[in-house]
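Here is the structure we will look at.
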Amino acid sequence: MSSMRSACVLFFMFCALGLPGVSYGQAAATRTREELDADLAKARTELSTLQASLTKQSQALLQKQHDVEYADPDLTQLREELVKLEKQVVEKRKQLNERISIHPEISKLEKERRALFQSLENARANEAAIENEIKALENSAGAVQ
């Protein structure tokens, strides 16, 4: 089993089984805030360590794939063919989208969609403004007390 797969398996076992030394039978109410904070710190450390391992492993994999791809002439040729085909696909997709976009029904739907995105952006800005007002009100009420 690769070390990346091992790290993933350990991570999911950790998530599924819970923190080491803490059984599901142990009631959360019997644990103190300090114990919970300590367990949370351990869990975050574990997550950070696993994420760092996964990042390092992913970088090593990408580098090895790159090295193999450019070292083998057959793979290099295959990659070049693939790049050429990908460029053709991009060009064909562009042509298709251009031809589709001139269709009246598509143009109408795209215009409506842009209007909906603008409405969504306006609604999010309004939400943020209201949240800011609430925070300001809470802060001023807290300062009065």
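Residues 4 to 148 in our numbering are what the sequence shown spells out, letter by letter. The C-beta atom is built at its ideal place from N, Cα and C for all residues, glycine as well.
Looking at residue j and residue i, is the spacing between their C-beta atoms short of 8 angstroms?
i: R82; j: E94; result: no
Minimum length 3: unbroken beta strand (DSSP E) runs contained in the segment 69–111
none
Unbroken alpha helix (DSSP H) runs of length 4 or more, entirely within the segment 107–144: which are they?
none
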